[in-house]
Structures are given as C-alpha cells and as structure tokens.
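Protein chains in written order, with my numbering: chain Z, 197 to 819; chain X, 82 to 449. Just so it is clear, CB atoms sit at the ideal spot from N, CA and C, and this is done for glycine as well. Here the structure is laid out as structure tokens; the discussion comes afterwards.
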C-alpha cells in the first residue's frame, strides 16, 4: 500500500493519522456543542425575549437617496440637471391580467415584447403589492394619453424618477462626462450604505471626479409594515443631505465657439485663465451625446461610439499625446536664457540645415534656403529650426528635461478630470528604463524642436502656456470652480489654497520670450502674422507643426500630397492680452497641415469670442 | 481488515461506486434545502426549480467523479492545481477595469476558479506530501504552505476573504492530518496571532466593520450590525418547534439579508425551530462521521489525507456559516452546504463527495 520509494514506518504513520482524525473529531464535536449551546440559549432560554422583538419588529429601515447636485458653468448655464423620467408601473394584485392590460394599452402606449420579457423578470422578484415597471422612458404624448384613459386601468400608474440630463449634450460631454449603473468596481470604493437607493454613479468627467461633492449623503426612514410587508406609516425620517451644486470654471460661450470652430475636424482646444489656472474651455472633437448613453431606446449607442473609427469617446484634449513641434521653442528659449547658455544677442547661422560634428545626417530647417544669421528673438518669431538644434545641443537633454518638467511636461497636470495622459518628456534615464538603449546626441537635437520622443497633451501645453503667461506660477489647472451648498448657498472651494511654487525665471528673460511670442503674431515676419491683423488687443502666440510621417533625407514631399492620416498635426498656442493675460489657449487640429494655416485662425476666433464681448470690450477700450 | 466479507446487499450501489450513507445524507439535506429555499425566496418556484436542477447536475457530476479510480485524482492533482491557478491569474488580470460589465456576469466569472480551488488545493497538498516522508519535514511544510498561500492570496485580492479562508483551511487541514508536530502548529498559531495587526491594516473598511460589529452589533443602522441583530431575532423567535414552514415573519418581511444565500440558516431556524435545526445538524454529523470513517479506512496516503481534508472542510463550511448567522463569527460569504442558493459551490461540494465515494468504493479493487 505504502509507496515503496519512501522509507517510513507504515504502522507508525497509520497510528499518527488515526490519532489526528480523532483529535479533529473531538474538536469538531466540541465546536458543534458550542453551536447547539448557543442555539439553545437563543431558541429556548431567550425565546420569549426574541418573540417579543420579532412581533414588534414591524419597523424597516429604508434608505432615502439624496438628490444629486447640479452642474453649472461660470456664466450660469446648466450642464447637468435632474429630470423626471416617466415609467409605467403595474401593481400586480390590483391590475387585471397582464396580457389583457397590454392589449388594452396598445392604442395608447406601445409595449414591445422586450418590455414584457423584462416585466416578467422583475415580477418574479417583487411582492404582489409592489409596482413593477412595464415601460420606461415614456414621452410627453404617451404620458398625456395615459392620463386621460387612466380610469380604465386600475393598478397601473405613471411613476416619475429623476434621471440625469445634460442640456448642452455633446458640446460639454468631454468635460461633464456621464453617469452609469453602479458596478462591482464602484462597490469596492464607495461607502455602500451611503448609496442605498441609488443606482447610478458618475463614470466619467466631472460627474466622476467630483462624485463625492455631487452625491450628498443618503438619509433613511424607519417605516412600520404590517404582516404582509405593506408600509403602514413612517415612524422616523432622517432626511438625506442633497449633493452640492458644482460651478465650473468653464465659460459656456467660449466652449460653444471652440466646438463650432473644430466641427468637421478631429482636434482639441484647451483654454485656461492664467491667473488661477481655471479651465475656460476644453473641446475635443468628435464628441458624443451623454444623454443617449442612458437612453433605453438606444441600447447599442455605447458600442457604436466605442467602435467608431474617429473615436468620439477619446478625449483628445486630455488623453491625446502628440509631438508638440515648434510650440515648445519659447520654453526652450527661456531655458537657455535662464541657464545662461544663450543671451538675447547671441546669434546662430542657419544655412537651412544642421549636422552634428562628424555625421553626415542633415537636420533640416523648415525654410529650405535658411534664415541666415538669427538672434534668439527672430529664431522664435520665424521658428528657425537650426537655431534650436544648436540650442538643444548646448543645453543637453538633462537640463531640457528638468526645465520643461517644471512646466508640467512629462507628467499629469493634475486637472480634475479622469484618465489624463502623462505625455512624454524624454531623458537619458527614461530611455534606459523604457527602451534599454543609450541616449544619442541626435535625439537631443530633434527634441529641441518638439519632435522625436517628445509627446504632450493639449492640456499640458495649455497649462505650460498659462504658466508662461502668469509669470511662472505653477498651479494645477482646474475645471471645477467651487461647490455651493443648496440650503445655505455658501460657496465651498474645491481645493485648499496651497502655496504656489514658482518657476523662478528672471523678469527680463521672461519679457524677452513673451515679446518674441507677441512678434510671432504681430511682427511682419511672424509665422502667424495673419492672426494679429486688426486686433484691438495684443496677442502672443507660437505656431507648431508636428510631423507624423518621417520624410527621408533629400526626399521632397508636399504635405498636401500626403494621405490625410500622414499629414502633420497643426498646433497653435496663444495668450492675450499680452500686457495682462486673461486667457491662454491651445488649438490642435489632427492632420491639419501647418499650425499657421489650420490652427492659428481658430485661436483668433476664440480669443475674439472671449475678449471682445460687450462688457470686456468696454473695459479694454477704457483701459 | 483485509479479510472483510463482500457485502452482497450493497451489490449494485457498489458497482455504481455509490456510498449509501453519503448518498442518503446528501439527498435528504438537499430536499430540506429546497423546501427552505422555496420559503426563503418568497415562494419563488422558478428559483427553487433552478436550484433543483443544479442539484441534479451536481449529483450527476458526483456519480461520474465517484466512478473514477483514486489513482486518477493522484495523477491529475498537479495539473488541476496549475489550471486552477492560471484561471485565478486570468481573473486577476481580466477582472480589472471592465466597468461596463454587469455585476452578475462578473460574479459568475469571479466565483468559478476560486470555488474549484477549494478542492484542488487540498488535492495538490496531499499529492505533494504523499511522496515525502511523514510526518513532513520543515522544508516540505514550507512548500506545502506556499501551495496554499499563493491561491488563497489571489482569491483574497479579488477580494473574497471568505473563500480565501476556506481554501487556506482546506489546504492546512491536509498538513494537520499529515502528522505535523504540535510544536510547529503552536509556532504557526503564534505567528498568526502576532501578524494579526498587519492583516488588520490590510483589510478593506467594510471587512473591518464586520469584525467590529461582532463586538458591538448595535453600531450602524444600515450596515452589518443591523443584519446580525435581525438574524438573531429570527433564530430566537423560532423557539423549540419553529413558526412553521412559510410562516417566518423575519424572513418574509425581508428583515434578514441574503436570506436565500448566506443567511438561509436563519430562515431554517425561524420556521423549523430548534428541533428542525437538530435534525439538520444530525444529518451533517452523519456525513462528517462517514467522511472520517472513509478517511480512516482509506488505502494509501493520498486517499487518507484527501478524504480527511474534504471532511474537515465540510465541517468548516457548516460551522462558519451557522456561527455567522447566530452572531458568533464575523460575516463572511460562506454558504450553508446543500441549503444555500447558488450553483458553483454546490457543484464543487458534490464533486468532493464524489471523491469520497470513489475512495470508499474502489478499496476492494485496490486491495484485491
């Protein structure tokens, strides 16, 4: 019987095993006695006590869900509200047979076989006196028609529930997000009793990030029920605390203008107030309609969105990572000044190309004939690539990484929206870690014009531009402005006021770079001079054109001749008015061609929208 | 022992590899279970029928497993274990970030592998220990402990502490039966006590809450304390003879949480009283006694350890579930065997009875 490979004494082993089984048997017997003893105590000794408790036990605790807070823009538009949604409910014990009911209802309200199947499913789990929904989402006509005929249908009634509605729909979807059914992942993180009676929870956008503020606290009521479980009266009620209303920093007018300007493109706009880093607009196209996600008439809407080739669910402003191209030149210029690698009068010779010592590869300037002798300011204004190749070579990737890191490149900006991408600000350490390869000097050179491994999200670039415009104060951008208690109307800030760290650049260096950016728009040689034309306020900006497709050495390809998905991404960053910036802006048009051609005009339109409104115009001309 | 005469009366049950004690015990308990379930679900015939068909399926599997010779379990043990472990890993990876899936779908996926591990883990530990010298040496014990801890930790991460604890208990019962010295058991117990603060720190909030409510059940009005009080009222008001089938007010007025699954014992206590509970307990005792008998008679180390462990696991199920309902143990999601509503755990349980039957009914073939 015993495995011959093992040298052991089978008799001893058998004996040990037997003894263990007996030990276990005795232990189990004792534990069972504990159970029996406890049962005797509960069921025999204290039986009278528990019988009394059970007879008095007619009190049930029923959770009362709080009303969710509303969401507003800074200018008072409602972004999310609670609307009654009407459903037709049947109380089985008072209604006629369900088939007869459906037949009689047919001329008034259409009931599909799916509705009936769902009804039968729910019916099984309910008591005879509890309402079971037969049709959801009745429209106004159906509600009105039923109201007239209601006397014919005992036990059938229309019940209103609050559902979330987003009046501005797709325009705000990438900011506000949407709600969905509480699932298992949510259950792990929420305080479950506080969600008693609540079926939905914020799944994306502000609805998700500010869930705690919006949800409120559940209350409960103790109700007395009879032996059948029917509610007789409410004994005690602890009212729920409604969720707080949320006021966003978003400007509805600017957001609408941004969405309209981007219509037909895939792209993104992020506008930030440089003074407090409040997000004024965040547009990403294409968008989707959050109202349809919860609509029972469009059950496949989410799948349609998920499978759509241009990915409307993808928030390009926050999650899209693109090479920033020439838009980062002002930042590198400031780095060079601050590190003492350049001063404003240093020039470089641009023959139209650059090469590293001892290498044949030519890094080309966008201007084939070259810029000749260029000082720093002209290098920014005319976006000379060769100047920045040299500058990058002198700075080195280490200092580039550190300096731009201060502006938030390569990490999340910390904006209060979910699923933000980090972008990528490359470094030697990163390449060793992620690619297991050494860093090459040529990679430093192309990082200098925002190409190579360098990736940024529109949100990052907008934040960096705002930090540049506000003199170097580093704040996280914020979509939510403040919450407001519905009862007391007291405004509650969403974030504690922290000490604000500073980039620590010198005023002269900053002024040099900002003036260079102003010249991009206003000087006769600026790459975006058409943007500044006829403007009553001064704009500063920088174009950027991010290569998607590597063009081979000596090859000549016009961007317009490439298929659309290989064309360059167009960028434009801007802030205005230069003297006292009130808005910083980023426009990205995917595969839009050049920054000056596709992105810059959109930026001008949006700046005018925000700064040239009646009240603002008066202020501007007055000042 | 070898010269025992063939029992002619059990002839054809034996040919089907069925053990009559286990069969009748399971059948009677299942019948009682269906009756209680019918009441607990608010006389939902559909749910009761679903559970009945799961019982039939489980018994079919039990008979198939019983007809397999024990050497197959020995042969397959490592493979079943590895397969179960891979499934657990798959759940750990695929189970994250799928917000769009429904609770029930996820639940099915989540429970399958962890339930199966309740059998595969002790099987694997028995497989490992049976080829080492017994009582096991420290090195072997550490390997055995690792075999238990890895799947238990994976399940605990899901997080499903109840199932994880059962898996660990099933695996450790094998170690206990293998004759590990009492001194080592004492050291391990001391280690558990000392590391308790560490585990406390790692528990989820709701899990801590459950432990705390054991001390003071009058805590939060919407939470677990309320449930335990309601459950105890149901048990106590049942009295000696119960309120009668379908007459339990506590259960029918929905005072008892999870009354068709984890807390179904409260319904049983309320409607059938102390006497009814004693009958059910007696049936469990018959099953457990028979299981221990099979373990004592079993031939070969693997069969001995496995049979003993499966029996101890059954006891732990029963004890933990009842202890929870009568307010003596914390609330963990462990069903009452054959009575609670639910498919996978029932099928796993019946399969383990099949293994017991196989050990018992293949003995002659082995010794002959």
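Thinking C-alpha only, which one of the options is nearest residue i?
| i | options | result |
| --- | --- | --- |
| residue 369 (chain Z) | Z:401, Z:379 and Z:360 | Z:401 |
| residue 353 (chain Z) | Z:365, Z:334 and Z:360 | Z:334 |
| residue 115 (chain X) | X:435, X:432, X:423 and X:208 | X:423 |
| residue 460 (chain Z) | Z:794, Z:546, Z:809 and Z:803 | Z:794 |
| residue 427 (chain X) | X:133, X:275, X:95 and X:344 | X:133 |
| residue 526 (chain Z) | Z:738, Z:384 and Z:303 | Z:738 |
| residue 407 (chain Z) | Z:387, Z:421 and Z:416 | Z:387 |
| residue 266 (chain Z) | Z:219, Z:297 and Z:362 | Z:362 |
| residue 463 (chain Z) | Z:471, Z:478 and Z:450 | Z:478 |
| residue 324 (chain X) | X:399, X:349 and X:247 | X:349 |
| residue 327 (chain Z) | Z:345, Z:288, Z:316 and Z:358 | Z:288 |
| residue 697 (chain Z) | Z:663, Z:466, Z:680 and Z:691 | Z:663 |
| residue 215 (chain Z) | X:267, X:118, X:243 and X:386 | X:386 |
Looking at the strands, I want to know which residues DSSP matches up with residue i.
| i | result |
| --- | --- |
| residue 147 (chain X) | Bridge partners of residue 147 (chain X): none, in fact. |
| residue 405 (chain X) | Answer is none; residue 405 (chain X) lacks a bridge partner. |
| residue 278 (chain Z) | Z:360 |
| residue 599 (chain Z) | Partner(s): none; residue 599 (chain Z) has no beta bridge. |
| residue 705 (chain Z) | Beta-bridge pairing links residue 705 (chain Z) to no other residue. |
| residue 689 (chain Z) | Z:678 |
| residue 375 (chain Z) | Z:398 |
| residue 268 (chain Z) | Z:274 and Z:443 |
| residue 437 (chain Z) | Z:413 |
Would residue i and residue j qualify as a contact pair, given that the criterion is a beta-carbon distance under 7 Å?
| i | j | result |
| --- | --- | --- |
| residue 612 (chain Z) | residue 372 (chain Z) | no |
| residue 741 (chain Z) | residue 702 (chain Z) | no |
| residue 476 (chain Z) | residue 671 (chain Z) | no |
| residue 441 (chain X) | residue 375 (chain X) | yes |
| residue 389 (chain X) | residue 258 (chain X) | yes |
| residue 439 (chain Z) | residue 264 (chain Z) | yes |
| residue 341 (chain X) | residue 122 (chain X) | yes |
| residue 772 (chain Z) | residue 799 (chain Z) | no |
| residue 717 (chain Z) | residue 735 (chain Z) | yes |
| residue 373 (chain X) | residue 221 (chain Z) | yes |
| residue 414 (chain Z) | residue 262 (chain Z) | yes |
| residue 337 (chain X) | residue 311 (chain X) | yes |
| residue 480 (chain Z) | residue 512 (chain Z) | yes |
| residue 588 (chain Z) | residue 644 (chain Z) | yes |
| residue 329 (chain Z) | residue 285 (chain Z) | yes |
If you draw a straight line from the alpha carbon of residue i to that of residue j, how long is it in whole angstroms?
| i | j | result |
| --- | --- | --- |
| residue 530 (chain Z) | residue 675 (chain Z) | 28 Å |
| residue 603 (chain Z) | residue 158 (chain X) | 58 Å |
| residue 715 (chain Z) | residue 782 (chain Z) | 18 Å |
| residue 730 (chain Z) | residue 779 (chain Z) | 19 Å |
| residue 784 (chain Z) | residue 654 (chain Z) | 7 Å |
| residue 299 (chain Z) | residue 403 (chain Z) | 41 Å |
| residue 831 (chain Z) | residue 415 (chain X) | Given that chain Z is displayed from residue 197 to residue 819, the structure contains no residue 831 (chain Z) and the question cannot be resolved. |
| residue 248 (chain Z) | residue 237 (chain Z) | 16 Å |
| residue 113 (chain X) | residue 250 (chain X) | 27 Å |
| residue 282 (chain Z) | residue 325 (chain Z) | 20 Å |
| residue 363 (chain X) | residue 419 (chain X) | 14 Å |
| residue 206 (chain Z) | residue 357 (chain X) | 44 Å |
| residue 803 (chain Z) | residue 712 (chain Z) | 19 Å |
| residue 420 (chain Z) | residue 411 (chain Z) | 28 Å |
| residue 272 (chain X) | residue 242 (chain Z) | 39 Å |
Just to confirm my understanding: we take residue i, look at its own chain, exclude 5 residues before and 5 after, and list those with CB closer than 7 Å. What are they?
| i | result |
| --- | --- |
| residue 245 (chain X) | 233, 236 and 237 |
| residue 201 (chain X) | 161, 162 and 165 |
| residue 705 (chain Z) | 530, 533 and 534 |
| residue 618 (chain Z) | 606, 607 and 608 |
Using C-beta distances below 8 Å, list every residue in its chain close to residue i, excluding the 5 sequence neighbours before and after it, in chain order.
| i | result |
| --- | --- |
| residue 439 (chain X) | 98, 146, 147, 148, 149, 150, 151 and 154 |
Counting only the same chain and skipping the five closest in sequence on each side, list residues whose C-beta sits under 6 Å from that of residue i.
| i | result |
| --- | --- |
| residue 141 (chain Z) | Nothing in the structure corresponds to residue 141 (chain Z), since chain Z is present only between 197 and 819. |
| residue 93 (chain X) | none |
| residue 211 (chain X) | 382 and 383 |
| residue 367 (chain X) | 106 |
| residue 616 (chain Z) | 514 and 608 |
Does the beta carbon of residue i fall short of 6 Å from some heavy atom of the ligand ADP?
| i | result |
| --- | --- |
| residue 265 (chain X) | With respect to small molecules bound, the structure shown includes none, and the ligand ADP cannot be examined in it. |
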